[in-house]
Every structure is written in structure tokens, then in C-alpha cells.
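Position 451 of the first sequence, counting from 1, maps to 451 under UniProt numbering, and the rest follow consecutively.
First comes the structure, then the notes that go with it.
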Amino acid sequence: MKLLVTSALPYANGEIHLGHLAGAYLPADIYVKYHRLKGTDVIFICGSDEHGVPITIAAQRAGISPKELVDYYHPLIKQSFEKFGIEFDNYSRTSLSLHYQTVQNFFLQIYRRGFITPKTTSQLYCPRCKMFLADRYVEGACPSCGNNEARGDQCEQCGKWLEPFELIDPRCKICGMTPERRETVHWFFRLSQFETNLRTWLASKTHWKPNVMRFCEGWLKRGLVDRPITRDLSWGVPVPLPEAKGKVFYVWFDAPIGYISATQDWAESLGKPDLWKDYWFNPQTKLVHFIGKDNIVFHAIVWPAMLMAHDEFILPSEIPANEFLNLEGAKLSTSRNRAIWLSDYLSQYPPDPLRYALAINLPENRDVDFTWADFHSRNNNELADILGNFINRVAVFIKRYYCGKIPQLTGTDPDSENVIKMAQEIVLRIEGLIEGFQIKDAAREMMNLAAIGNRYFDHSAPWRTFSADRAQCDRTMAVCARLISMLEIITYPFLPFTSRKIAKMLHLGKRSWHDALNPVVPSELGETEILFQKLPEEIIIQERSKLESGSDNNVKNKKEPSMISIEEFKKIDLRVALVKSAERIPGTSKLLKLIIDLGKEERQIVAGIGEAYSPEAVVGKQVVVVVNLQPATIRGVESFGMLLAAVDGKQVALIRPDQDVTPGTTVT
RNA sequence: GGUGGCGUAGCUCAGCUGGCAGAGCAGUGGAAUCAUAAUCCACGGGUCAGGGGUUCGACUCCCUUCGCCACCA
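Shown next, in the form of C-alpha cells:
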């Protein structure tokens, strides 16, 4: 058997956040790591989804081309995954020319087989942006309630569903221009032809998760309609028909074909360009798509129909779709920046605690809530206190009482036998759970093994038997060492970084999953270290307030490319200023009220440097100030400008000119 | 608006085909001292969102109201 595992292609208009991880990436990675250990022939394929209107819009807003936008995000996404320990065999992207060819060939094949038909439709077109506008990119007054901000698909105020043409005074959301109605030809995929085949195929998937099955049943009951697969855009995979000049494929058509092209890309990079066929053309291959629930219809209905229409590739075997992750009791929202971004997380914490906190509470059955309090408690009370402490107490005991020599297992007793048996049962249970996509329960079982270790250690009381019954004490430690050796293997899919540390501690080499049932135990302990650092309780409050400030400020697309043009930079008026006076603002530790001299004028500004600088220390110094910043009132004190300083955590350093200049001098 | 899902202990979640309500964390009491004051033992705690129905028996099946979510048009 071969396994071809995919995770939904992340859309390259933003970074990865916790919702993505919990839905499609972490469970897939755990599943794949387990299978790699087991020796299964498995490949794990993913890549950035780089086409579609949202990307063209985001690019336009940032003043760059779509290609520049995806070139910015693709590597960021890729790196975040790597740092988090998500190990794809290939993380590709849909802007590759290889992908273009694959999509076009795929299309031509289903076109030849008669599953594509052209149809003339009427759409709104913006003459200034020179493009047809998707529903969501038209705004206007709602014909039923008069709300002036109704979107082309729905009026948010009265909830009425709309057609873009129904809007009164429609305007293009990008440039504000009034769009006109134009006729255009689009090509449709004849999804309706596949109703019977899909029904039969789905009926055989008796073991699929009920959430997936119910979605599909609902769709089939309603009847399938043909879907347009082309758009009038310049960004995307061109439609390879002479009469379709200037049209590209709809992103939902090209993206899943990315699973195929990314596999081809993988094969090429290995120097075996035909290797991908061993998977995609092989009926012995199980194709597993990890996705979030928003993608179910697509992966369980449309994509299989596309594959049936093409008729050469295998169909999905498993679609373990997850529900959604909420944050602190509310929906996460990227547009309001109410999200936890993976790169932000990784800049502060190690990957494994998050992998664990997410794995133990995956949205497998329903939407689930991620809270920082839970993360904190999982890290401190479970990873550090149960798992970390078990390993540590055994290691320290062996070091201190046995000079680091691990006693070998000789003789036995009912307790020890029982513990080993329970541990072996856990290994077998985890196997069944992971293979049945019950990752959450599997993670619980993993922690359970450490808890069993603690219980055994306590009951055996080696600190007493060491002098009273040495043989018994030897046995206890031998069994504990054995449990740690097992833990090294079974933690690997969930906590790969920790597992590697344990391996170093026990000088363990490469092993397979099955070795966990009867693991080797070395005779000597290596360097030991604390596996999990406890986190202070303050982080709960800090992280929570970060979330709230993100959404309150209504910062839109915080994560847009940081590239700006020289013109934008020139808008910032930077000047050298001399600090005339400074005083603390009562009731704050960080804030200073400064009067600065800008040559022609004096100004009052508030600066958050009070922890690093006393008022006396800044008076008489030259500093750099943004003078054309909107005035703000901070703690009741007005501020007309902003002081520049280098800030790294608590360390704050003022930016000052290398030599004194006339106050008011421009900085460029 | 249509379709589907969810609502279970203070918190986060399990409960397959109806048969005495579960886990982890938090809480309370005790034991132990090898360990990152980490562990172990015991205990308390729920009108299973509200209402109605089917049944000997309903968290589970049916209807309905409320709240939340997803998808579709």
C-alpha cells in the first residue's frame, strides 16, 4: 500500500494561523509522521494556492503585482511550517509553469471527453479596473432596506440575498467607479453529469466521518448544477482554447490540480520525473485529503467529479475534515486581525507546546475553543509536570543513585509486568486511533503513558527500595527507562522536537514504530535536560490583550507585505529634535512627557521609554521624531509626534544622530 | 431564506446502534519527598440549552423555541 497525503493548499494572501494548523496541517503531519515511523510508503504533499481574485485585490491594495504578493507570502508560509515541524515531502506552489501545464492538460482531457460547455453570462464590469467584478467586489444601496453598503451577494444590514444587478448605484469596491453590465462567455464543468457516479462512489465510503457524509448527502439531494470554471482575469492559469483568449481558470478549478502538480514537482526534484505516477495512477494508493469543513463540498464532490471526468487518476480514499477552531470564545477573523499567527507564536514559544495543545483539543467532532489559559495549563500541568517531570525524575534518580548507569531488567513482579502490559496496550491503541483519524484521543493516550509512569514510580518508591531491596529498585528503574524509551517513539508524531531530545538523552538511534512494543534500553544515560519550560501565568493576560488590541484597532490585513514605495516613505516627516524637558506621567511606569525643540517650534510629545530612561537622562539629548503623525491623547496627555527608538522586548534604545545637528534638520 | 451541524461539571472537551451521566484541568482533604513544589490517593460537583412528544425507560429518536457555526442560492 502507498499513501498520498495532502493538506489543503493554504491561500497565499496571508500567513498561517492557528485555525489553519488545527484544521488541516497538524493532524496531517501527525498522521504522516506516524506512518513514516511505521515504514509505510507515504508522501506528504502541499503548496501555496496563489491564484484568485482575493490575491489580485490584496496586491492592488498593496500597490504591487499579484506575483510579487505571492512571492512575498509563499516563503513565509513555507518557513513557518518548517519551524513548526510540519514536514512536507514537497511544499510547492501553483504559480509554477509545471502547474500551468498540468492544469491545462487536465482541462483539455476533460474538454475532449465532453464535460465542458461554454455559456454566455452577463456580469458587472469595471471599466477603470478593466475587470469583471465578483459579487463581493460590488457595493451599492440595498433595494430593500436602503443600506448604502450592501455587497453584491448580500446586504449585511437586512440580510437579504442579492444579485449584483439589483444594487442601486453599484460601485466597484476597488476603485469606486460605477460598473457596467457586460456579456461574457464562460466555460462550465458539467458537474451534473456525475450525480449517479458520485452517489455510488460515496455510498461505498461507509466509514467516513458523519460531518463529511451529511454535507455530501445534502448536496446530492439538492441536485448538482454545472459550474463555471473560467474567469475574465489576467492572473491565473490561461484557458488553453483559442476562443478563450484573456480568460483564466477559476481558482477552485486549478487549486486541487495543485496536488498533482506538486507531486510531479516532488518527483522532478528527486531526479525521478515519473515517480509521481506510482502514486496518482496506482489503484493501491490511498489518497488522503486533510481539510477544514469549509472545503468539504469541494473535496468530496467537485474534485472527485473532476477526477472522474479526467478518468486516469485515483479518487480520494479518505477525507478527514475537521471543524473550526475558535479563539477565546469567538470566531477568528483574519480581516479584523483576530487571530494567532504562527510566526508570532514561534517568535516567542517553542513549537511542541502548541502542537500538543492543539492536538489534544482538535476540532474533530465540532468547533472547538482555543484559549491561552488552556495552552498555559497544557504546557505547565501536562507537558512539564506529567511528561517532562516523569522523564526528569527518572533521569535524575539514575544519575544520582546509579551514576548514570541504567539497570537492566532482570526478574519481574506483578506491578512491573502490569505496567509494561499497559504501556504496550497504549501503543496499540494509539496505532488504531491515528489510523482512524482520532488524533485527539491518540494524543491523550500518549500523555496517559507518562501518567502511568508517574504512578508506577510512586507506588514502587525506589527512593526507599534502593537501600531496603536493591533488586526491586533496579527493576523499577529498568522499567521506567523502558517507558521513556517507548515515549521517545510514541511522542514523535506529536512532539517531534521533544522526541529528539529524549533520543539524545538515551543515545537512541533510528527506530520504527513497532520497536515501541519492545524497546531497546541503553546501558548508560546521556546528557539530560529539562524538556519543557514552565510559562508564567502573565502570558495568558498578555496574549489575550494582544488579541483584543488587534481587533479593536480594526487593523486591516496587518500581515500585508511590508514593502512600501519610496513615495510612501517620503510621506513620513522625520526630524531631529532637542529634548528641552522631560517628566514622568503620574501613574505610569513607561510614559514620559517631553517638550522638544524643533528649531522653528517647540512641541509636547509622549514617549514610552520611561522604563529604560529617566527624565534626567534624556534632557539635552538630540533624538529623531516623526513630526507629521496624527496627534493623540495618551493617558490624558496630548502628544504631537513620535519618538524613534529601537525596541527589543524590554530593551529600549533611543535613535540619535551620530553628531549634533541643528534642531529641526530633516532625516531622510 | 434553504440545508446540515452544535449547545453536556466552574473551564476545555468525550459520550457508537436509547438501559444507573464521563475525562482532563480547576476545587477540597490526605499521603509521600526521587523529581522543574513536580507526584500519588480520595472526595465534592451536572434539570445533559428551554418546552412538548414517542417509549417500561431519552443526553441519545421525533416536533418546536432560543443561541452559535458552516455551506448553498
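Ideal placement from N, C-alpha and C gives every residue a C-beta, glycine not left out.
Open item on the list: Helix, strand or coil, according to DSSP, for D515 in the structure here?
Closed with: helix
Open item on the list: Threshold first: 3 residues or longer. Then list the beta strand (DSSP E) segments lying entirely within the region 56-106, N to C.
Closed with: 90-93
TODO: Measure the alpha-carbon distance for F494 versus A28 and round it to whole angstroms.
DONE: Each residue's alpha carbon lies about 11 Å from the other.
Task: Euclidean distance between Cα positions of F301 and L525 - done: Contrary to the premise, residue 301 reads as Ile rather than Phe in this sequence. Using only the alpha carbons, I get a separation of about 54 Å.
TODO: Return helix, strand or coil for E183, following the three-state DSSP convention.
DONE: Of the three classes helix, strand and coil, the one that applies to E183 here is strand, per DSSP.
Open item on the list: Going by beta-carbon coordinates alone, are R231 and K247 separated by less than 8 Å?
Closed with: yes
Task: Buried versus exposed, by CB contacts within 10 Å (16 or more), R366 - done: Its Cβ having fewer than 16 others within 10 Å, R366 is exposed.
Open item on the list: Quick check on the DSSP output: the beta strand (DSSP E) that includes K580 runs from which residue to which?
Closed with: L574 to R584
- [ ] For F569, count neighbouring C-beta atoms within 10 Å of its own C-beta (all shown protein chains included) and say buried if the count is 16 or more, exposed if not.
- [x] exposed
Task: From F437, L69 and A450, residue whose alpha carbon lies closest to that of M422 - done: A450
- [ ] Return helix, strand or coil for K221, following the three-state DSSP convention.
- [x] helix
Task: Where the beta strand (DSSP E) through L270 begins and ends - done: First-last for L270: undefined, no H or E at that position.
Open item on the list: Our contact map puts S48 next to R93 with C-beta atoms below 8 Å; I'd like the distance itself, whole angstroms only.
Closed with: 4 Å
Task: I406 and V479 closer than 8 Å at C-beta - done: no
Task: Residues bridged to L124 (per DSSP) - done: R181
TODO: Give me the Cα-Cα distance between I605 and A442, rounded to the nearest whole angstrom.
DONE: 56 Å
Task: Per DSSP, cross-strand counterpart(s) of Q622 - done: L578
Open item on the list: Judging by CA-CA distance, which residue of V396, Q348 and T200 is the nearest neighbour of P304?
Closed with: T200
- [ ] Just list the beta strand (DSSP E) runs in the region 240-322, keeping only unbroken ones of 3 residues or longer that don't cross its boundaries, in chain order.
- [x] For the beta strand (DSSP E) assignment, the uninterrupted runs of no fewer than 3 residues enclosed by the region 240-322 are, from N- to C-terminal side, 285-292.
- [ ] Figure out for me which residue from F497, M505, L9 and I634 has the closest Cα to the Cα of Y349.
- [x] The shortest Cα separation from Y349 among F497, M505, L9 and I634 belongs to F497.
Task: Through-space distance from R36 to N197, alpha-carbon basis - done: 34 Å
Open item on the list: Quick check: A395 and M505, are their CB atoms within less than 8 Å of each other?
Closed with: Judged by beta-carbon spacing, M505 lies within the 8 Å limit of A395, meaning their Cβ atoms are closer than that value.
Open item on the list: If distances are taken between C-alpha atoms only, which option among L26, A267 and R181 comes closest to I434?
Closed with: L26
Open item on the list: Buried or exposed, going by whether 16 or more other CB atoms sit within 10 Å of the CB of M477?
Closed with: buried
Open item on the list: Just to confirm, is the Cβ distance from E180 to Y125 under 8 Å?
Closed with: yes
- [ ] Consult DSSP for I168 and reduce its assignment to one of helix, strand or coil.
- [x] I168 sits in a strand when the DSSP states are folded into three classes.
TODO: Report back the beta-carbon spacing between H17 and W341 to the nearest angstrom; my notes put them in contact at under 8 Å.
DONE: 5 Å
TODO: Evaluate A646 with the Cβ neighbour count: other Cβ atoms within 10 Å of its Cβ, from every protein chain shown; 16 or more gives buried, anything less gives exposed.
DONE: exposed
Open item on the list: Can you find the residues in the same chain that come closer than 8 Å, C-beta to C-beta, to D374, ignoring five residues on each side of it along the sequence?
Closed with: Same-chain partners within the cutoff: A357 and N361.
Task: Pairwise C-alpha distance: C403 and D469 - done: 18 Å
- [ ] Mind checking which residues open and close the beta strand (DSSP E) that includes G432?
- [x] From DSSP, G432 is part of no beta strand (DSSP E) but of the alpha helix (DSSP H) over P414 to E435.
Task: residue 689, DSSP secondary structure in three states - done: Coverage of the chain is limited to positions 1 through 668, which leaves residue 689 absent and any answer about it impossible.
Task: Sheet register partners of N326 (DSSP bridge) - done: Per DSSP, the beta bridge partners of N326 are D369.
Open item on the list: Tell me the DSSP secondary structure of E548 in three-state form.
Closed with: helix
Task: Option nearest L428 by Cα separation, candidates I260, N518, L325 and D474 - done: N518
Open item on the list: So for L233, helix, strand or coil by DSSP?
Closed with: coil
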